[in-house]
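All remarks here apply to the structure that follows.
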Amino acid sequence: MAFPHLRTLMALFTLPTIFFAGFVPRGRPGGIRGKPGFKCKPGLRGKPGSRVKLTGMKGGNKVVVEAHRHEGVFIAKGKEDALCTRNLVPGEAVYNEKRISVQNEDGTKVEYRVWNPFRSKLAAAILGGVDNIWMKPGSKVLYLGAASGTTVSHVSDLVGPTGVVYAVEFSPRSGRDLVNMAAKRTNVIPIIEDARLPARYRMLVGMVDVIFSDVAQPDQARILALNASYFLKSGGHFVISIKANCIDSTATAEAVFASEVKKLQAEQFKPMEQVTLEPFERDHACVVGAYRVPKKPKLAAS
Ligand SMILES: C[S@@+](CC[C@H](N)C(=O)[O-])C[C@H]1O[C@@H](n2cnc3c(N)ncnc32)[C@H](O)[C@@H]1O
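Mapped onto mature numbering (1 follows the signal peptide of the UniProt record, and there is no 0), the consecutive letters of the sequence shown carry residue numbers -21 to -1, 1 to 281.
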């Protein structure tokens, strides 16, 4: 088996009790070789000196939760380790995910939700070692391709009560779940519309810090660019998940990723990083970068 830990990981996410799954990042260094700034780092690393030291006892398991180097993301360290976010709505699961309740030294309780990388490309990118997701507490995020809100709910936890997630989904069926989830999460604005037609929801969405796009469409670079032209601030950022065979099933995944990066560059995006989503998703990559980066002023000739 290419990834010997994969069977364990899959088992951990399907068992009904609380687990602290051992994610060992195995993403191949994704990227556009030779370009500075494209890197792949191991994902499940705590920020040095950022131990939260919350100790929880549930089901007999002792857990310590540490801040991840991505602000708003955590690692539950128990028998096994798991990526998680702090639950904005304690007591509620969204997709039947595991929850971990931990107790502070002062006796107050905090609840975390385990973030399953098999069900979330953003979690897979974090475990693949992405350097920056450009989302943190307080961020304003436009999320394209929200589906029923699995990943949206973790982004909602991550940005917290001072942030906002505008979540666009055009399928009425998935949209129903999304709307139900958003009813309990005041920082999620569900928008049941076609992301190709941002003019239809321009009255609902403010300027955002980052766009996360996971529409899995052949014209997804254009969809991202169109939404960026309406809602992304200059110097803002994008994170796009690319499923190679949705774009061209005849080319190699690497060739598809490279051609998508070229399309993005032609639309005022500056790709900075690319990570593979393996072993969680086959032939997927996540590309991260900036939008309308202001040009550095030229030094005056002396
Ligand atoms: C890969 S799924 C997204 C999964 C989701 N991001 C998650 O992690 O839970 C792609 C979603 O994009 C939606 N989608 C595709 N094209 C769209 C469009 N033009 N406008 C809005 N949603 C779209 C699909 O209906 C589907 O739910």
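Even glycine gets a Cβ: it sits at the ideal position worked out from N, Cα and C. What you are looking at is a predicted structure, and each value in this text was computed from that prediction instead of being measured.
- About 23 angstroms separates the beta carbon of Ala204 from that of Pro169, a gap too long to meet the 8 angstroms contact definition.
- When the beta-carbon positions are compared, Cys265 and Val218 come within less than 8 angstroms of each other.
- In this structure Lys41 is exposed. Its beta-carbon is surrounded by fewer than 16 other beta-carbon atoms within 10 angstroms.
- The beta carbon of Glu148 sits closer than 7 angstroms to at least one heavy atom of ligand 1.
- DSSP places Ser220 in the uninterrupted beta strand (DSSP E) bounded by Leu211 to Lys222.
- Contact check for His133 against Thr64 passes: the beta carbons are separated by less than 8 angstroms.
- In the three-state reduction of the DSSP assignment, Lys249 falls in the strand class.
- The closest heavy atom of ligand 1 lies 7 angstroms or more from the beta carbon of Ile168.
- Between the segment 51 to 65 and the segment 127 to 143, the count of Cβ pairs shorter than 8 angstroms is three or higher; the stretches touch.
- If you ignore the 5 residues before and after Ala178, its C-beta comes within less than 8 angstroms of the C-beta of Tyr209, all in its own chain and listed in chain order.
- Linking Ser150 to Leu256 through their CA atoms gives a straight-line distance of about 25 angstroms.
- In its chain, beyond the 5 residues on either side, Tyr145, Ile168 and Ile170 have a beta carbon closer than 8 angstroms to the beta carbon of Leu183.
- Val43 is a Cβ neighbour of Lys56, given a cutoff of 8 angstroms.
- Listed in chain order, the non-local C-beta contacts of Gly154 below 6 angstroms within the same chain comprise Glu148 and Ile171, local neighbours out to five positions each way being set aside.
- At a threshold of 7 angstroms, Ala125 counts as near ligand 1, since its beta carbon sits closer than that to one of the ligand's heavy atoms.
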